[in-house]
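Residue numbers (UniProt numbering), protein chains in the order written: chain A, 1 to 257; chain B, 1 to 257. What follows is a set of notes on a single structure, which appears directly below.
2 protein chains.
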Amino acid sequence: MTAGERNGADESIEVGTPSDPEAALARLAGRHAVGYRSVGVMAYDIIREAILDGTLPPGHKLRQETLAELIGVSRLPVRSALIQLESDGLVEFHDRRGAVVKSLSVEQAREVYQLRILLETAALRQSMADMTDQRLARLRELGRTADAKQEGGDFVDARTAFYAELYDAARRPIQWELIEQLRLKVGRYMLGWRLVGDDTHHHSHDELTDAVAAGEVEPAVQLLQHHLEGVRDGVLEMLEAESLAQAAPARRRRSRG
Amino acid sequence: MTAGERNGADESIEVGTPSDPEAALARLAGRHAVGYRSVGVMAYDIIREAILDGTLPPGHKLRQETLAELIGVSRLPVRSALIQLESDGLVEFHDRRGAVVKSLSVEQAREVYQLRILLETAALRQSMADMTDQRLARLRELGRTADAKQEGGDFVDARTAFYAELYDAARRPIQWELIEQLRLKVGRYMLGWRLVGDDTHHHSHDELTDAVAAGEVEPAVQLLQHHLEGVRDGVLEMLEAESLAQAAPARRRRSRG
DNA sequence: AGTCTGCATCTTGGATCCAGAAATCACGAT
DNA sequence: ATCGTGATTTCTGGATCCAAGATGCAGACT
């Protein structure tokens, strides 16, 4: 109860930074303020979401004090959250120097997609061997939702729900856990993917559902693989552009004009 | 056979201390006592090792206070360690009631080995496509060491080093990370595996190295897969025996969901 | 006599406080 | 003027303290 009351009402703490991650984070904190059993997991959810939706960009330094103030809790649950996020591979601890948002290198992204293709095509094969009408129906619904939402906060969530059903996550919890870990690593770049990707993917989930419904294993696997490769290429493009952008602006503060 | 001395019957049914896990833990704590930068990671290492070598059996209740005293630190780094271990899948938190050592079900073990076969055969294929003489030499050495050590505390470590080299872990860090996660889940049961496994595996690492050196991909993959399946069967046997032992003296005590 | 409810105790989870280390800034020397 | 060195300041990591929730037992009521 005490935790939910600080809704971060005045986010005017440090207004002035260009992207204002603090204001956005305070807004996130407000949305998550109520209905949590422990503030530790609340802090975890807030920071996690902030990283995944780009509010806290890769490389951003995560000061415990600031985060604690913005979320409205003590530094301790923030530390817990950061430790969890480190295990998730989203943040990185520097020995006595605090934590930063982990950024993904091009090689890492390539490896992630290689692994996703390996794990997800295997999951699809296994899942299709055991398909039921009920799951197909749910799949259609979820696929339609996923295809419809091409942007927004629940963009990733819709896809996650679709693939969870597609891979029959309930029957292979560990495999799904691994897949989710991998998706988490690239989730932050998925938002930008649509911007550079063309429109050929707009109905991919529906097409995939068709192949699954028809029981055609190899075509379905091919569809999935091509889809993942397409997303991968988009993410890679974005990453390369980002790394170029980071290399260029070596602006000194004291540079004379 | 130091590892398998307990007959497994009275092991960890309740909080009852079969052979004083506290004393063993204190010994572990002594070994780890010096040379750590932060006590949080020390606590993590100690508890992790205690779980993996069976000192803290599955189902064991982990009281923060006790652990803190045994390790010789405050409860806070213990909490940090437990949070990390939860992310590793080794312990499980029950909302306001503390943490317990997670136990592995037969289904979970089966899934773990299914995934290990998938990921590790893929890693082997990729690694063999890029083999060098230096790595082969290191591999021979590590394989010999692994085959030699059939017991003891560094039993698992020797194998880990061998497979890290075999899969060229340095070039595929994420894939190796996933493999390590999976190996971690079954590591606690690997110690007992040798007891039920026959002696046909005694030179498996050396044989595997031979196939790798010869550049014969499919035979090497087959060797690896068979090896993993053999270990899997041993672990499954052990798990089934253990679950039977647990089923018999059913001390029901308000089990929770 | 059995069961439900209320109280006491234990244990986790959170906050505040303290110490150690690292980065920064200022001052001095070259 | 620039670089190196030392002091200050800031921030992380740890310990102790406090509150909230859950469990278990005991007593009372049906």
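All residues carry an ideal CB built from backbone N, CA and C; glycine is no exception. Given the structure is predicted, the values throughout are model-derived calculations rather than measurements.
>> If we define contact as Cβ-Cβ less than 8 Å, is residue 170 of chain A a contact residue for chain B?
In response: The residue labelled residue 170 of chain A in the question sits at position 170 within the first sequence. No, because no Cβ of chain B sits closer than 8 Å to the Cβ of residue 170 of chain A.
> When we look at the beta-carbon of residue 258 of chain A and count the other beta-carbons within 10 Å, is it buried (16 or more) or exposed?
Replying inline: Any answer about residue 258 of chain A is impossible in this case: the structure gives chain A only from 1 up to 257.
> Nearest-angstrom Cα distance between residue 253 of chain A and residue 61 of chain A?
Replying inline: As a first step, residue 253 of chain A is located in the first sequence; it is residue number 253 there, counting from the start. As a first step, residue 61 of chain A is located in the first sequence; it is residue number 61 there, counting from the start. Because residue 253 of chain A sits at a pLDDT of 38, beneath the cut-off of 50, its placement in the model cannot be relied upon, and the point is left open.
>> Tell me the residue span of the beta strand (DSSP E) that contains residue 98 of chain B.
In response: The residue given as residue 98 of chain B occupies position 98 in the second sequence. Where residue 98 of chain B is concerned, the enclosing beta strand (DSSP E) stretches over 98-101.
> Whose Cβ in chain B lies nearer than 7 Å to the Cβ of residue 37 of chain A?
Replying inline: Taking the first residue of the first sequence as position 1, residue 37 of chain A is located at position 37. Neighbours of residue 37 of chain A on chain B, chain order: 95.
> Under the rule that 16 or more other beta-carbon atoms within 10 Å means buried, what is residue 55 of chain A, buried or exposed?
Replying inline: As a working note, residue 55 of chain A is residue 55 in the first sequence. Classification of residue 55 of chain A: buried, given that the 10 Å Cβ count is 16 or more.
>> If you measure between the beta carbons of residue 165 of chain A and residue 135 of chain A, is that distance less than 8 Å?
In response: As a position in the first sequence, residue 165 of chain A is number 165, starting the count at 1. As a position in the first sequence, residue 135 of chain A is number 135, starting the count at 1. It is a contact, given that the beta carbons lie within the stated cut-off.
>> Report the CB separation of residue 83 of chain A from residue 83 of chain B in whole angstroms; it is logged as a contact under 8 Å.
In response: As a working mapping, residue 83 of chain A is identified with position 83 in the first sequence. As a working mapping, residue 83 of chain B is identified with position 83 in the second sequence. Yes, they are in contact, since the Cβ atoms of residue 83 of chain A and residue 83 of chain B sit about 5 Å apart, within 8 Å.
>> Is the beta carbon of residue 52 of chain A closer than 8 Å to that of residue 183 of chain A?
In response: Stepping through the first sequence from its first residue, residue 183 of chain A is reached at position 183. Stepping through the first sequence from its first residue, residue 52 of chain A is reached at position 52. Not a contact, by the Cβ cut-off of 8 Å.
>> Would residue 14 of chain A pass as an interface residue toward chain B - the criterion being a Cβ-Cβ separation below 8 Å?
In response: For this step, residue 14 of chain A is matched to residue 14 along the first sequence. Residue placement at residue 14 of chain A is poorly supported in this model, since its pLDDT is 36, which falls under 50; the coordinates are not used for a value here.
>> Suppose the cutoff is 8 Å on Cβ atoms and the five residues either side in sequence are ignored; what does the same chain contact list for residue 65 of chain A look like?
In response: As a first step, residue 65 of chain A is located in the first sequence; it is residue number 65 there, counting from the start. 75.
> Under 8 Å Cβ-Cβ, which residues of chain B neighbour residue 118 of chain A?
Replying inline: Walking along the first sequence from the start, residue 118 of chain A turns up at place 118. Within chain B, the residues near residue 118 of chain A are 118, 119, 122.
> List, in order along the chain, the chain B residues whose C-beta lies closer than 7 Å to that of residue 260 of chain A?
Replying inline: Nothing about residue 260 of chain A can be read from this structure; chain A reaches only from 1 to 257.
>> Residues in the same chain with beta-carbon distance under 6 Å from residue 6 of chain A, minus the five sequence neighbours each way, listed in chain order, please.
In response: Your numbering for residue 6 of chain A matches position 6 in the first sequence. Its pLDDT being 36, under 50, residue 6 of chain A is placed unreliably by the model, and nothing is read from it.
> So which residues of chain B does residue 174 of chain A contact, with C-beta pairs closer than 7 Å?
Replying inline: Position 174 of the first sequence, counted from the start, is the residue given in the question as residue 174 of chain A. Within chain B, the residues near residue 174 of chain A are 108, 111, 112, 115.
>> For a test of the three-state rule: what should DSSP assign to residue 60 of chain B, helix, strand or coil?
In response: For the purposes of this step, residue 60 of chain B is identified with residue 60 of the second sequence, where counting begins at 1. Note: residue 60 of chain B maps to coil in three-state DSSP.
> Should residue 178 of chain B be flagged as near chain A, meaning a C-beta pair shorter than 8 Å?
Replying inline: Locating residue 178 of chain B in the second sequence gives position 178, where the first residue counts as 1. Chain A, which has a Cβ nearer than 8 Å to the Cβ of residue 178 of chain B, makes this yes.
>> I'd like the span of the beta strand (DSSP E) that includes residue 92 of chain B, first residue to last.
In response: Taking the second sequence and counting its residues from 1, one reaches residue 92 of chain B at position 92. Segment 91-94, the beta strand (DSSP E) holding residue 92 of chain B.
> Using 8 Å as the limit for Cβ to Cβ distance, is residue 243 of chain A near chain B?
Replying inline: By one-based count along the first sequence, residue 243 of chain A stands at place 243. For residue 243 of chain A, the answer is no, since every Cβ of chain B falls outside 8 Å of its Cβ.
> So is residue 58 of chain B buried or exposed if we call it buried at 16+ other beta carbons inside 10 Å?
Replying inline: Position 58 of the second sequence, counting from 1, holds the residue named residue 58 of chain B. With 16 or more Cβ atoms within 10 Å of its Cβ, residue 58 of chain B is classed as buried.
> Mind checking if residue 157 of chain B is an interface residue toward chain A, Cβ cutoff 8 Å exclusive?
Replying inline: Stepping through the second sequence from its first residue, residue 157 of chain B is reached at position 157. Answer no: the Cβ-Cβ gap between residue 157 of chain B and chain A never drops below 8 Å.
> Quick one: what's got a C-beta closer than 7 Å to residue 161 of chain B's C-beta in the same chain, skipping five residues either side?
Replying inline: Sequence index remark: in the second sequence, residue 161 of chain B carries index 161 (1-based). 142.
> Rounded to a whole number of angstroms, what is the C-alpha to C-alpha distance between residue 203 of chain B and residue 147 of chain B?
Replying inline: Counted from its first residue, the second sequence places residue 203 of chain B at position 203. Counted from its first residue, the second sequence places residue 147 of chain B at position 147. One C-alpha to the other measures close to 6 Å.
> Apart from the five residues on each side of it in sequence, which residues of its chain come closer than 7 Å, Cβ to Cβ, to residue 239 of chain A?
Replying inline: Numbered from 1 along the first sequence, position 239 holds the residue referred to as residue 239 of chain A. Once the five neighbours on either side are set aside, the close Cβ partners of residue 239 of chain A are 104, 106, 109, 189.
> Mind checking residue 16 of chain A: buried by the 16 CB within 10 Å criterion, or exposed?
Replying inline: By 1-based counting over the first sequence, the position of residue 16 of chain A is 16. Any reading at residue 16 of chain A must be qualified, since the residue scores a pLDDT of 35, below 50, and its modelled position is unreliable; no value is offered.
>> Between residue 53 of chain B and chain A, is any beta-carbon pair separated by less than 8 Å?
In response: What you label residue 53 of chain B is simply residue 53 of the second sequence in a count that begins at 1. No - not a single Cβ of chain A is within 8 Å of the one on residue 53 of chain B.
> Does the beta carbon of residue 105 of chain B sit closer than 8 Å to a beta carbon anywhere in chain A?
Replying inline: Within the second sequence, residue 105 of chain B is the residue found at index 105, counting from 1. It does not; no Cβ of chain A falls within 8 Å.
> If you draw a straight line from the C-alpha of residue 139 of chain B to the C-alpha of residue 140 of chain A, how long is it?
Replying inline: Translated into the one-based positions of the second sequence, residue 139 of chain B becomes position 139. Translated into the one-based positions of the first sequence, residue 140 of chain A becomes position 140. Between residue 139 of chain B and residue 140 of chain A, the C-alpha separation is close to 49 Å.
> Between the C-alpha atoms of residue 159 of chain B and residue 215 of chain B, what's the straight-line distance to the nearest angstrom?
Replying inline: Residue mapping note: residue 159 of chain B aligns to position 159 of the second sequence, counting from 1. Residue mapping note: residue 215 of chain B aligns to position 215 of the second sequence, counting from 1. Each residue's alpha carbon lies about 21 Å from the other.
>> Whole angstroms are fine: how far does the CA of residue 39 of chain A sit from the CA of residue 32 of chain A?
In response: Working through the first sequence from its first residue, we reach residue 32 of chain A at position 32. Working through the first sequence from its first residue, we reach residue 39 of chain A at position 39. If I take the Cα positions, the gap works out to 10 Å.
> Does the ligand GTP have even one heavy atom less than 7 Å from the beta-carbon of residue 237 of chain B?
Replying inline: Within the structure as shown, the ligand GTP is missing, as the structure has no ligands at all.
> Going by alpha carbons, who is nearest to residue 89 of chain A out of A:211, A:155, A:181?
Replying inline: Counted from its first residue, the first sequence places residue 89 of chain A at position 89. Of the candidates A:211, A:155, A:181, the one whose C-alpha sits nearest the C-alpha of residue 89 of chain A is A:181.
> Can you tell which of B:125, B:170, B:154, B:37 has the C-alpha that lies nearest to the C-alpha of residue 223 of chain B?
Replying inline: Position 223 of the second sequence holds residue 223 of chain B. When only C-alpha atoms are compared, the closest one is B:125.
>> Between residue 74 of chain A and chain B, is any beta-carbon pair separated by less than 8 Å?
In response: Taking the first residue of the first sequence as 1, we reach residue 74 of chain A at position 74. So no, residue 74 of chain A is outside the interface.
> Does any C-beta atom of chain B lie closer than 8 Å to the C-beta of residue 130 of chain A?
Replying inline: Numbered from its first residue, the first sequence carries residue 130 of chain A at position 130. Cβ-Cβ to chain B under 8 Å: no for residue 130 of chain A.
> So which residues of chain A does residue 88 of chain B contact, with C-beta pairs closer than 9 Å?
Replying inline: Residue numbering aside, residue 88 of chain B sits at position 88 when the second sequence is read from its first letter. By Cβ distance, chain A contributes 87.
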